[in-house]
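Let me begin by presenting the structure, written as structure tokens, before commenting on it.
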Amino acid sequence: MESEVKKPFLIGVAGGTASGKSTVCKRIIGKLGQAEVNDQQRQVVSISQDSFYRELTQEEKLRAQKGRFNFDHPDAFDEKLMYTTMKDILEGKKVTINSYDYRTNSICPNKTVTIYPADVVLFEGILVFYFPEIRELFHMKLFVDTDSDTRLARRVPRDINERGRDLDQVLNQYMLFVKPAFEEFCSPTKKFADVIIPRGADNTVAIDLIVQHIRDFLSNRLSLDALTLSPTSTPALNGAAINGSRDEFLQSALRRFSSSVINRKLFTILYDRHI
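As numbered in the working numbering, residues 18 to 292 make up the sequence shown, in order.
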């Protein structure tokens with residue numbers, strides 16, 4: 018019998034610069050016990066939108082070296098490559114993703130990351146909800162909402178220590194590009210989120226709830242993998258009747274998972290009480 022293609026549950030994680038998006042993804046993966054799992058066996062993986070920065074022209078590279086290029090603008094990303102890569106992932110294909118060098122502002126041609134088929138894929142970045150075609154691919158959308166002062170306080174030491182920038186360059190770039198781009202392109206996409214996470218990774222209650230949702234999905238997926246279905250069979254899983262093909266049941270499970278997400282307004286009110 019031909020093996021089934023593993024079609025993942027795709028979760029988008031958006032938010033402003035240094036809001037804690039990657040940390041939220043790491044916490045989720047860690048709490049699910051996936052951090053130390055072999056790449057080929059991971060059920061949950063994370064991808065950064067930064068891997069889809071487009072290659073700059075020579076003139077743009079010179080501007081970037083002086084902190085005069087807007088990396089927070091939608092035009093800085095390769096939208097087509099993002100879309101085709103996400104489609105391949107949703108079709109259960111193994112994909113190769115570029116690594117990005119923040120010091121040289123360029124793609125590393127000899128350094129790539131292989132993403133193997135997984136059950137859940139987290140795709141995080143400042144503008145993952147900005148592009149309509151890409152936004153529609155997500156089964157679940159999270160927005161990490163951290164105040165601007167905290168984000169700036171995180172960005173300054175990160176860019177100086179990890180990306181080789183000086184203080185004046187970091188502050189100038191923030192005021193010229195980062196802050197205006199957040200207000201124009203990133204912040205408005207909050208309305209597309211299913212769940213808003215105030216205070217980012219510090220909001221352990223929100224992360225625990227999301228982790229539980231993913232555990233429920235993975236549990237359903239594992240139970241489904243153990244079944245041998247035929248068009249005439251009607252086995253039961255968690256009290257629900259299963260009719261038709263395995264793929265039809267998976268789509269039904271995805272819909273149940275999506276519909277179980279807490280209303281974002283209620284979610285925000287609930288967690289703001291923990292501040």
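Ideal Cβ positions, reconstructed from N, Cα and C, are used throughout, including at glycine. As the structure is a computational prediction, the values presented were derived from the model and not from experiment.
| field | Per DSSP, cross-strand counterpart(s) of glycine 31 | value | It should be noted that the sequence gives alanine, not glycine, for residue 31. Note: alanine 31 sits in a beta bridge opposite Phe160.
| task | Can you give me the start and stop residues for the alpha helix (DSSP H) that threonine 101 sits inside? | result | 96-107
| Taking buried to mean at least 16 other C-beta atoms within 10 Å of its own C-beta, is isoleucine 28 buried or exposed? | buried
| message | Taking 8 Å as the threshold (C-beta atoms), are phenylalanine 234 and valine 301 in contact? | response | Residue 301 lies beyond the residue range present for the chain, which begins at 18 and ends at 292; the question has no answer from this structure.
| task | Quick one: grab the DSSP three-state call for valine 145. | result | coil
| For the ligand MN, is there a heavy atom less than 7 Å away from the beta-carbon of valine 173? | This structure lacks the ligand MN, and indeed carries no ligand of any kind.
| By Cβ distance below 8 Å, which residues in the same chain neighbour leucine 49 in space, the five residues on each side in sequence not counted? | Gln60, Val61, Val228, Ile231, Arg232, Leu235
| task | Find the nearest neighbour of isoleucine 114 within the set Ser63, Phe86, Val145, judged by alpha-carbon distance. | result | Ser63
| Counting Cβ pairs closer than 8 Å, one from the segment 104-123 and one from the segment 29-38, do we hit at least three? | They do not touch, by the three-pair rule.
| request: Quickly, what does DSSP pair valine 295 with across the bridge? List them, please. | output: An answer regarding residue 295 cannot be provided, because it is not within the stretch 18 to 292 covered by the chain.
| For lysine 24, the nearest candidate out of Pro174, Gly109, Ile224 (CA to CA) | Gly109
| Whole-angstrom Cβ separation of glycine 84 and asparagine 189, contact assumed at under 8 Å? | 6 Å
| query | Curious, which full-length alpha helix (DSSP H) runs of at least 4 residues does the segment 158-216 contain? | reply | 165-180, 184-190
| DSSP beta-bridge partners of leucine 139 | Ile28, Ser63
| request: Give the single residue among Arg172, Asn87, Thr121 whose Cα lies nearest to the Cα of leucine 184. | output: Arg172
| task | Give the DSSP-derived three-state secondary structure of serine 123 in the structure shown. | result | strand
| field | C-beta atoms of isoleucine 214 and phenylalanine 140 nearer than 8 Å | value | no
| said: Relative to the C-alpha of methionine 192, which candidate in Thr163, Val212, Phe88 has its C-alpha closest? | reply: Phe88
| query | Hey, how far is the Cα of leucine 144 from the Cα of glutamate 72? | reply | 18 Å
| Contacting residues, own chain, Cβ-Cβ under 6 Å from arginine 238 (five flanking each side not counted) | Excluding positions up to five away in sequence, the list reads Asp136.
| query | Does the separation of the CB atoms of serine 116 and serine 68 fall below 8 Å? | reply | yes
| request: Within 10 angstroms of the Cβ of arginine 120, are there 16 or more other Cβ atoms? Answer buried if so, exposed if not. | output: exposed
| query | How long is the line joining the alpha carbons of tyrosine 100 and isoleucine 151, rounded to whole angstroms? | reply | 6 Å
| said: Please report the straight-line C-alpha distance between tyrosine 70 and phenylalanine 86, rounded to a whole angstrom. | reply: 12 Å
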